[in-house]
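Comments concern the structure below.
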Amino acid sequence: MAGRAVLRIIFADQSDSRKLTLDSGIPATVEELHTFVKTSLQLKEDFRLQYMDVDFNEFMNLTSVSEIQDKSTLKVIYSPIFCRILSPPSLCTQLTHLMRPQLLEAQSL
3 MAGRAVLRII
13 FADQSDSRKL
23 TLDSGIPATV
33 EELHTFVKTS
43 LQLKEDFRLQ
53 YMDVDFNEFM
63 NLTSVSEIQD
73 KSTLKVIYSP
83 IFCRILSPPS
93 LCTQLTHLMR
103 PQLLEAQSL
């Protein structure tokens, strides 16, 4: 861990983003960062993190904290809750899109 770091965390789209300050710097592992994000932002759902890749200018799955630095942008990608149970896949996608605004609204309370 280095000095203090600040990350931009995006949800769903860029209209919902938050600033996250890590006083002790970026954690040593993705798992530690995931836990910090989940705890600090009080996220209840399972998610994965993506980072803005400078080579492709696209969000990529975060597999190592060496891929980010102070003032990096991360994106929270929620794991589909119903997809493991429901089929066909189109039904799962529809349910996820229908529920997402309610879940985001509940988290901001």
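First residue of the sequence shown? That's 3 in my numbering, and the numbers climb one at a time after it. For each residue, glycine too, the CB sits at the ideal point set by N, CA and C.
By the criterion of a C-beta distance shorter than 7 Å, D25 is surrounded in its chain by R6, once the five residues flanking it on both sides are discounted. A straight line joining the alpha-carbon of I28 with that of S81 spans about 23 Å. Contact between Q52 and K77 holds: CB atoms are separated by about 4 Å, below the 8 Å threshold. Taking the Cα of M54 as reference, the smallest distance to any Cα among L45, Q71, K21 and V39 is reached at Q71. N59 places its beta carbon 8 Å or farther from that of R50. By DSSP's assignment, L22 forms a beta bridge with L9. DSSP places V32 in the uninterrupted alpha helix (DSSP H) bounded by V32 to S42. Scanning L35, S42 and K40 for the CA closest to the CA of S68 turns up L35.
Between the alpha carbons of V39 and E47 lies a gap of roughly 12 Å. Secondary structure note for D55: its beta strand (DSSP E) is the uninterrupted segment F49 to D55.
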